[in-house]
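Under the numbering used here, the first residue of the sequence shown is numbered 391, with each subsequent residue one higher. Where is the CB? At the ideal position from N, CA and C, for every residue including glycine. In this text the structure is predicted, and so the values were computed from the model without any measurement. Encoded as structure tokens, the structure appears first; notes follow it.
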Amino acid sequence: MWIKKSIPNGFTMIEALIALFISLIVSFCAVIYLRTCVLFINYRPNHQDQFAILQLRQIAAVSKDREVKERTLYMIYEHEEIRIEFDRNRLVKRDGYEILMENIEYAEFFEEDEKIYLRYQKDKKTFSVQIT
């Protein structure tokens, strides 16, 4: 039986298909990797807000006589009456002027089912979190 030899400088059809298949797999993996990189680059966790909420919860947990009046939280903390309110794009604790959260557009406290919540707006997104 006589078999035709392949050209020494060329590729057979199967070799070309295998090379195409491998290049498709590599390019698919590269696209997935680049999409993941873009997601990590665009991910912006808001640690300052998370720490402020944690601090608010800690203060509220050890305070007495918590009360919400006119969107402001009043409570007795370490034998002093304090209030936490929105002032000039900040959430502040007033027994002095301790800044809890900055660069917010709006903040208010409200009560619902005997629980206290904080609703605030930052970067045109509204968040509601439970404090107590």
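Beta-carbon proximity list for residue i, same chain, < 8 Å, skipping 5 on both sides
i	result
Ala442	Leu481, Leu490, Met491
Val416	none
Asn479	Glu492, Asn493, Ile494, Glu495
Glu471	Tyr464, Met465, Asp485
Asp503	none
Under the three-state DSSP convention, the category residue i falls into
i	result
Arg425	helix
Ile449	helix
Phe517	strand
Glu405	helix
Asp439	helix
With 16 other Cβ atoms within 10 Å as the buried cut-off, status of residue i
i	result
Phe476	buried
Asp439	buried
Met403	exposed
Val428	exposed
Val421	exposed
Ile412	exposed
Ile408	exposed
Residues near residue i in its chain [Cβ-Cβ closer than 6 Å; skip 5 each side]
i	result
Arg484	Arg473
Tyr510	Ile494, Ala497, Phe517
Glu488	none
Tyr507	Phe500, Ser518, Gln520
Leu414	none
Arg425	none
Other residues of its chain near residue i: CB distance less than 7 Å, five sequence neighbours each side excluded
i	result
Lys505	Gln520, Thr522
| task | Specify whether the segment 493-500 and the segment 448-455 touch according to this definition: at least 3 beta carbon pairs, one from each stretch, less than 8 Å apart. | result | no
| query | Along the chain, which unbroken stretches of the alpha helix (DSSP H) at least 4 residues long are found entirely within the segment 472-498? | reply | none
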